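Protein chains: 2
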Amino acid sequence: MASWTKRKVKGVLLDISGVLFESGAGVPIDGSVEAVQRLKAAGLAVRFCTNETTMTRGMLTEKLHVLGFSMSEQEIFPPIPAICKVLQKRNLRPHLLINPKVAPDFDGVDTSDPNCVILGDATTEFNYHNLNKAFQALVAMKEPVLFSLGMGRFYREQGELLLDVGPFTKALEFAADVKAEVVGKPSQTFFTSVLEDMNVDADNVVMVGDDIVSDVGGAQSCGMLGIQVRTGKFRPQDEEHPTVKPDAFADNLLAAVDLILEASK
Amino acid sequence: MASWTKRKVKGVLLDISGVLFESGAGVPIDGSVEAVQRLKAAGLAVRFCTNETTMTRGMLTEKLHVLGFSMSEQEIFPPIPAICKVLQKRNLRPHLLINPKVAPDFDGVDTSDPNCVILGDATTEFNYHNLNKAFQALVAMKEPVLFSLGMGRFYREQGELLLDVGPFTKALEFAADVKAEVVGKPSQTFFTSVLEDMNVDADNVVMVGDDIVSDVGGAQSCGMLGIQVRTGKFRPQDEEHPTVKPDAFADNLLAAVDLILEASK
């Protein structure tokens, strides 16, 4: 039996930014390419579960290939393909506040006379003008519907901590007195759709992430194990987090994979 | 006895923007100059209680005089003089995210090596860069201290609803996992300081405002009466607000003053 869990691990969800590579950096985190190879070689089901909304799914796959990782586009689960399904199903026309780079992923989506607002990681597009426009769109709706692509607080890019989409969602929730529907981590619906694709019970799956609330806490809430890596947006105070207790900490993905393989036998 | 309250009114707090004039407009709201005169002529104590942080106290007084109102600068209570007292008392050095126009009100305040962050109504200065800088300042502190100058959700300016400081405070609270201290309405400390200056019991004071939560709800929480005017940021759904029930509604300040004078006899 593994030292850190009594469960048998059969499937692995990996966060991408901050786990495979540092956001903004042009190289993988030491050992992470090898780590992914070892998981696959051991026959474990692996999916890449990300709230990345500054690149299209295609751009993200290409970036990972250039960095030396092997995976297909279908193994990568970002929020945009998921929200596009929701729009179709519920007949919704969005007002978009997103990164211009991912606009192609919304090609063909009807944005006239919007009946919902979608917030992605718009980075520099999060300015007073655009936030006012999104707010005005919301309050003009009979029943305001707000979607947030993930609920991350911040991430680290080139050594700097930068605000993620979550804080801006909180701003609009407060301004328009609405509760956002989260599409992406840590939403249960989102995690469940990935688990279904893997066809492995939550009990036998571990999520590896750098975000203690969204990755580790979110996965644990769905019945999975959660390993916190000390890369990406990890901060020392995460070791004593008031509400989330990871099943294990690991210095990086390679060290996390040692723990996972130990629990997969 | 007045038709809307059993209490006797001896003092009045008036919100400024949206009650005396529409934000952004160059003229007073119909009848509001006369309304203030009538309150003063009746011998009631009157104070102007505002979360305005886009003008210095001096600029605001001058603007009101130009519009035809009579009051002294000392009768106007904006958040900046209050926060400056707090900084001095607690030996705090702020990182400021404020409207450049009010920078003179912070002249002489030490902003080196900041140990707190102050958010005012920074309007177009609320951009991704400045919000990141405020966030980074907060997380760099051993014990992050965040002050918000008011907690308004939005206001109306030239027919447009625009985000106030509150949503941005919620954004930074979530990002840095801190709770802001509000200086301004609806903070009890702030209302209490104005009541002390008036020397009238809360029981005998009525607040007139256009913001149902911050003005009316805030005043009621402090034991005052609250009248909601149907000007400024008022929206029809405020008539059925889920938590705040104003003691009375009035079409504008002049109509509110009729109610107040009725209750002052």
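Order-wise, the sequence lines are chains A and B.
For the first sequence, the working numbering gives the first residue as 569, with consecutive numbering after it.
For the second sequence, the working numbering gives the first residue as 569, with consecutive numbering after it.
Heads up, the beta-carbon is just placed ideally off N, CA and C, and yes, glycines get one too.
Being a predicted model, the structure only gives us computed values, none of them experimental.
For the stretch 621-647 of chain B, the beta-carbon criterion of a distance under 7 Å to any beta-carbon of chain A is satisfied by none of its residues. Per DSSP, the continuous beta strand (DSSP E) segment holding residue 716(B) begins and ends at 714-716. Interface annotation, residue 707(A): in contact with chain B, CB-CB separation under 9 Å.
The beta-carbon separation of residue 617(B) and residue 583(B), rounded to 6 Å, stays under the 8 Å limit for a contact. The three-state secondary structure of residue 658(B), taken from DSSP, is helix. The C-alpha of residue 741(B) lies about 15 Å from the C-alpha of residue 729(A).
Within the model, the alpha-carbon separation for residue 604(A) versus residue 637(A) is close to 8 Å.
Contact with chain A is absent for residue 619(B), since none of that chain's Cβ atoms lies less than 9 Å from the residue's Cβ. When the Cα atoms are used, residue 594(A) and residue 736(A) turn out to be separated by approximately 27 Å. Taking 7 Å as the Cβ-Cβ cut-off, the stretch 678-712 of chain A approaches chain B at 691, 692, 694, 695, 696, 699, 700, 703, 704 and 707, given in chain order. Looking only at 706(B), 818(B) and 598(B), the smallest Cα-Cα distance to residue 802(B) is reached by 818(B).
Under the 9 Å criterion on CB atoms, residue 783(A) is classed as non-interfacial with respect to chain B. In terms of Cβ geometry, residue 682(A) and residue 668(A) do not form a close pair [threshold 9 Å]. Taking 9 Å as the cut-off between beta carbons, none of the residues of the stretch 595-621 of chain A comes near chain B.
Chain order gives no chain B residues near residue 715(A), where near means a beta carbon separation below 9 Å; the closest approach is about 17 Å. Between the stretch 570-590 of chain B and the stretch 785-805 of chain A there are fewer than three C-beta pairs closer than 8 Å, too few to call the two in contact. Around the beta carbon of residue 743(A), 16 or more other beta carbons sit within 10 angstroms, so the residue counts as buried. With a contact defined as Cβ atoms closer than 8 Å, residue 795(B) and residue 827(B) qualify at about 7 Å. Within chain A, no residue has its beta carbon less than 9 Å from that of residue 814(B); the closest one is some 17 Å off.
Put simply, of 631(B), 641(B), 608(B) and 575(B) the residue whose alpha carbon is nearest the alpha carbon of residue 596(B) is 631(B).
By the Cβ-count criterion, residue 634(A) is exposed, with fewer than 16 other Cβ atoms from all chains shown falling within 10 Å of its own Cβ.
Bridge partners of residue 686(B) according to DSSP: 664(B) and 715(B).
Of the other Cβ atoms in all chains shown, 16 or more fall within 10 Å of the Cβ of residue 782(A); this residue is therefore buried. In the same chain as residue 641(A), and ignoring 5 residues on each side of it, the C-beta atoms closer than 8 Å to its own belong to 625, 626 and 629, in chain order.
Distances from the alpha-carbon of residue 822(A) to those of 785(A), 776(A), 726(A) and 768(A) put 776(A) closest.
By the 16-neighbour rule on beta-carbons within 10 angstroms, residue 569(B) is exposed.
Counting only Cβ-Cβ distances below 9 Å, residue 589(A) has no contacts in chain B at all, with the closest Cβ about 21 Å away. The residues 615, in chain order, have a CB closer than 7 Å to that of residue 765(B) in the same chain once the five nearest residues on each side in sequence are set aside. Annotation for residue 778(A): 583, 586, 587, 797, 799, 800, 801 and 802 place their beta carbon closer than 7 Å to its own, counting only its chain and skipping 5 residues before and after. At least 9 Å separates the CB of residue 748(B) from every CB of chain A. Cβ proximity to chain A below 9 Å picks out 728, 729, 730, 731, 732, 734, 735, 736, 737, 738, 739, 740, 741, 742 and 743 from the stretch 728-743 of chain B. In this model, residue 598(A) and residue 695(A) are separated by some 36 Å (Cα to Cα).
Only residues of its own chain outside the window of five on either side were considered, and among them 817 have a CB closer than 8 Å to the CB of residue 807(B), listed in chain order. In this structure, residue 755(A) keeps its C-beta atom at 9 Å or more from the C-beta atom of residue 733(A). Taking a cut-off of 8 Å on C-beta distances, the stretch 744-763 of chain B touches the stretch 649-656 of chain B, as three or more cross pairs fall below it. Taking C-beta separations shorter than 8 Å and ignoring five residues to either side along the sequence, the partners of residue 650(B) in its chain run 751, 752, 758 and 761, following chain order.
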